[in-house]
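Those protein sequence lines, which keep their order, are chains A and B.
Under our numbering, think of the first position of the first sequence as 1, with each following residue one higher.
Under our numbering, think of the first position of the second sequence as 1001, with each following residue one higher.
Virtual Cβ for every residue (Gly too), placed ideally from N, Cα, C.
Given the structure is predicted, the values throughout are model-derived calculations rather than measurements.
2 protein chains.
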Amino acid sequence: MKHHQITIVDIAKQLNTSKSTVSRALTGHPKVSPEKRKAILDLAHKLDYQKNLIALSLVKRKTNTIGVIVPEFSNSFFPHVVMAVQKIASQNGYSVIISQSDECYETEVENARVMLANHVDGLLVSISKQTTDFEHFKVFERKGIPLVFFNRICNEMQVPKIIVDDRHGAFQAVEHLIKIGKKRIAHLAGPQCLLIGQNRMNGYLDAMKKYDIPVDEELIKVCDLTVPVIKDSVNALMDMKQPPDGLFAFNDPTAIEAIRVVKSRGFKIPDDIAIAGFSNEYVSSFVEPSLTTVAQPIDEIGRCATNALFEQMKRDVSEWKAVTNVLNTELIIRNSTLSDIKP
Amino acid sequence: MKHHQITIVDIAKQLNTSKSTVSRALTGHPKVSPEKRKAILDLAHKLDYQKNLIALSLVKRKTNTIGVIVPEFSNSFFPHVVMAVQKIASQNGYSVIISQSDECYETEVENARVMLANHVDGLLVSISKQTTDFEHFKVFERKGIPLVFFNRICNEMQVPKIIVDDRHGAFQAVEHLIKIGKKRIAHLAGPQCLLIGQNRMNGYLDAMKKYDIPVDEELIKVCDLTVPVIKDSVNALMDMKQPPDGLFAFNDPTAIEAIRVVKSRGFKIPDDIAIAGFSNEYVSSFVEPSLTTVAQPIDEIGRCATNALFEQMKRDVSEWKAVTNVLNTELIIRNSTLSDIKP
DNA sequence: CCACGCATAGGGAACGTTCCCATACTATTT
DNA sequence: AAATAGTATGGGAACGTTCCCTATGCGTGG
Chain A
1 MKHHQITIVD IAKQLNTSKS TVSRALTGHP KVSPEKRKAI LDLAHKLDYQ
51 KNLIALSLVK RKTNTIGVIV PEFSNSFFPH VVMAVQKIAS QNGYSVIISQ
101 SDECYETEVE NARVMLANHV DGLLVSISKQ TTDFEHFKVF ERKGIPLVFF
151 NRICNEMQVP KIIVDDRHGA FQAVEHLIKI GKKRIAHLAG PQCLLIGQNR
201 MNGYLDAMKK YDIPVDEELI KVCDLTVPVI KDSVNALMDM KQPPDGLFAF
251 NDPTAIEAIR VVKSRGFKIP DDIAIAGFSN EYVSSFVEPS LTTVAQPIDE
301 IGRCATNALF EQMKRDVSEW KAVTNVLNTE LIIRNSTLSD IKP
Chain B
1001 MKHHQITIVD IAKQLNTSKS TVSRALTGHP KVSPEKRKAI LDLAHKLDYQ
1051 KNLIALSLVK RKTNTIGVIV PEFSNSFFPH VVMAVQKIAS QNGYSVIISQ
1101 SDECYETEVE NARVMLANHV DGLLVSISKQ TTDFEHFKVF ERKGIPLVFF
1151 NRICNEMQVP KIIVDDRHGA FQAVEHLIKI GKKRIAHLAG PQCLLIGQNR
1201 MNGYLDAMKK YDIPVDEELI KVCDLTVPVI KDSVNALMDM KQPPDGLFAF
1251 NDPTAIEAIR VVKSRGFKIP DDIAIAGFSN EYVSSFVEPS LTTVAQPIDE
1301 IGRCATNALF EQMKRDVSEW KAVTNVLNTE LIIRNSTLSD IKP
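Structure follows, in structure tokens:
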């Protein structure tokens, strides 16, 4: 015994009218007599009638759904961005389909395929650390589906991008390390295929250059964001004859892992080595010592990206804009770079 | 100039065949000649053909989508559960629509409405702290759409439920406080409309009873999970003539807030007051002192809930089961209840 | 009294797919 | 050689909605 869904045809039959009239009444079309409208609305309510958005999507060729592809949910950054996205989307009557690439290229391609098959009206993407080919996103452009990158962007595509000023943020963090008197400053760099990896490294180099500190290649370790590699890198740094007295990490999870290693080896933070991260994860204010970091305007990133997407969706393909929106970062100084700890 | 979507009809026309044959070739139906199949598959690939899942959903009356409604994403618990859900869903060829109620009843009702309109094939729910009426979920039962509650459940509905043994977990935490010698143990309780609020309170009472410690009503403060209320409650406790020497909090964020207040007033943890939480948030191992807490099997909750939902979806409405799956918790002892801190 | 305008209502195509049924053709069996 | 079985193919309904087009009925002005 199949469950029958109530449709406008059912309502029409019961009221001896046509599905056209019922449709008009339900969508608030003016040309329908008040009595009939009331009868239809009442019956619809009584029967728990729910418009079938699937059918509507088919005929309108528009799903009122946007997709979001992010690398992962394990840190606080992306869930918080998604929160902001969902808020704006639902204000505009849109649903959100979220998927995670798990930092894996193949999964990302599959995610994109699912988004396409589900006919999202627009897509927000922050790419995985493995992604270097963008064919799976270019399909969207060809099909006329707007795309907006945020945080981790694709440079070779002409679409709106929301990023923070990673280079300047990194510069600020390293400058701060220099200003508190550190000389040998190491950098745990992120994947260099990610633009943010390059930019944060460049910020590091900018600061070193500005203060005439020679860059020691040995002090720059490119990591892939996995715990074992971070551990090895930090151990290698601290094993040096002249270990670093300052450390700027690609992001907070990396910095926190570095803190763990450094502490377990008996070094004092920040006196032996001062450490700074990037992204101001929720957890960063809680670690011991609390982590100096570069904060990103998470809500604003989500809002800007979603708004940019909706703007794009309103426009015809021929009028698509490709502005890159660079948001400001803020250096947050905490105990991992402050020697006089207040209670 | 509208963007035209490639359909099976386009492919059929180009190859002088019918849409039926194209459909068969694309779905892997056996009765199609090898040459024709190859020609169709090749052309489909060449044209970037993407099956329209919307049309498919309409004809199959099945969307291959499940919905998830959670209270919020601001802590790590729900995002991690959602990760597990998505993993299993995508393994089964299902997409996931996620929405947050923001702990607000009205938003939850709206979320449920959207899920219904999008015709999800099943729904996973953890209710908001305000929810006491369940009409918006009962509609799903009436429409034959399976529903599974997890973590924060609805007792009055006969559907599968995945919970942890909150009562026993709370008991373990409080027993631990008693065993390390604490006598005046306070409880920062959660909303009593939530079953987990009641159960954790009961676990607290169980432990007190077992060890013949009289319960002082003044030591039980019901909170609503907002920071100001937690602060006030903790301050009130510490202002008492005889302040508590142990504290069991409804969840980790509450416990962490309590740690902040207690520390800022100059009390020593755990010597003056030992503190335990519930849920083992990611952040809890990083706070100073690290927090003793009751861990929930996050992945398992997500997996069990999703599997239960898929089981239910396979069955006819008349054969729906309503088993409640109670998962075990684990007490994790950290420095907030350990006086001899190792380096 | 008839033509006309206007308001309301109904019929039916369209959206893109699947799947049942019918048809045409080929191969097998008696 | 004819009947039969089987195979590949095409036609068309169905899913639930919107919206264009047409029909009906009514009142009004010439």
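- Counting only the Cα atoms, isoleucine 1275 of chain B lies some 10 Å from proline 1244 of chain B.
- When DSSP states are grouped into helix, strand and coil, leucine 47 of chain A belongs to the coil group.
- Residue environment: proline 1214 of chain B is assigned as exposed (fewer than 16 neighbouring CB atoms within 10 Å of its CB, all protein chains considered).
- A residue is called buried once 16 or more other Cβ atoms fall within 10 Å of its Cβ, and methionine 240 of chain A, having fewer, is exposed.
- For threonine 21 of chain A, no beta strand (DSSP E) segment is defined; the enclosing uninterrupted segment is the alpha helix (DSSP H) at 19-27.
- Contiguous beta strand (DSSP E) elements confined to the stretch 1232-1302 of chain B occur at 1246-1249, 1274-1276, 1293-1295, taking only those with 3 or more residues.
- Residue state for asparagine 202 of chain A is assigned as helix, using DSSP reduced to three classes.
- Your pair arginine 1334 of chain B and threonine 1292 of chain B checks out as a contact, with CB atoms roughly 5 Å apart and the cut at 8 Å.
- Taking a C-beta cut-off of 7 Å against chain A, the contacting residues of the stretch 1273-1293 of chain B are Tyr1282, Val1283, Phe1286, Val1287, Glu1288, listed in chain order.
- Sequence-distant partners of glutamine 158 of chain A (beyond 5 residues in either direction) whose C-beta falls short of 6 Å from its own C-beta, in its chain, are Ala322.
- Contact between glycine 169 of chain A and valine 262 of chain A fails: their C-beta atoms lie close to 23 Å from each other, not under 8 Å.
- Around the beta carbon of histidine 4 of chain A, fewer than 16 other beta carbons lie within 10 angstroms, which makes this residue exposed.
- In the three-state DSSP reduction, alanine 308 of chain A falls in the helix class (H, G or I).
- For lysine 1161 of chain B, the enclosing beta strand (DSSP E) covers residues 1161-1164.
- DSSP, read as helix, strand or coil, puts alanine 322 of chain A in coil.
- Minimum Cα-Cα distance from alanine 117 of chain A among the listed residues A/Gly93, A/Gln100, A/Ile145 corresponds to A/Ile145.
- Out of B/Gln1172, B/Leu1056, B/Tyr1094, B/Ala1112, the CA that lies nearest to the CA of asparagine 111 of chain A is found in B/Tyr1094.
- Within the stretch 84-103 of chain A, the residues whose Cβ lies closer than 8 Å to some Cβ of chain B are Gln86, Ser90, Ser95, Val96, Ile97, Ile98, Ser99, Gln100, listed in chain order.
- For glutamine 1100 of chain B, the three-state secondary structure derived from DSSP is strand.
- Following the DSSP letters along the chain, one finds phenylalanine 1140 of chain B inside the alpha helix (DSSP H) bounded by residues 1135-1143.
- Counting along the chain, leucine 58 of chain A sits inside no beta strand (DSSP E); it lies in the alpha helix (DSSP H) bounded by residues 53-60.
- Under the Cβ distance rule, arginine 303 of chain A does not count among the residues neighbouring chain B, no pair being separated by less than 8 Å.
- Bounds of any alpha helix (DSSP H) do not take in threonine 1065 of chain B; it lies within the beta strand (DSSP E) bounded by 1065-1070.
- Leaving aside the five residues that flank threonine 1132 of chain B on each side, the residues in its chain whose CB is nearer than 6 Å to its CB run, in chain order, Cys1193.
- The C-beta of aspartate 1121 of chain B comes no closer than 8 Å to any C-beta of chain A.
- For chain B, none of the residues of the stretch 251-268 of chain A brings a beta carbon within less than 7 Å of one of its beta carbons.
- The alpha carbon of glutamine 1242 of chain B has as its nearest neighbour, out of B/Asp1232, B/Ile1273, B/Ile1269, the alpha carbon of B/Ile1273.
- According to DSSP, residue pairing for histidine 4 of chain A in a beta bridge does not occur.
- When 9 Å is used as the limit between beta carbons, glutamine 1050 of chain B is near these residues of chain A: Arg113, Leu116, Ala117, His119, Val139, Lys143, in chain order.
- Residue contact with chain B for serine 57 of chain A: present (Cβ-Cβ distance below 8 Å to some residue of chain B).
- Against chain A, the CB of leucine 1047 of chain B has no partner CB under 8 Å away; the residue lies outside that interface.
- In the three-state scheme derived from DSSP, where H, G and I count as helix and E and B as strand, histidine 80 of chain A is classed as helix.
- DSSP, reduced to helix, strand and coil, places valine 114 of chain A within a helical segment of the structure shown.
- Look at valine 159 of chain A: its C-beta is not under 8 Å from any C-beta on chain B.
- Per DSSP, the unbroken beta strand (DSSP E) holding glycine 122 of chain A starts and ends at 122-125.
- For leucine 338 of chain A, no beta strand (DSSP E) segment is defined, and its DSSP state is neither H nor E.
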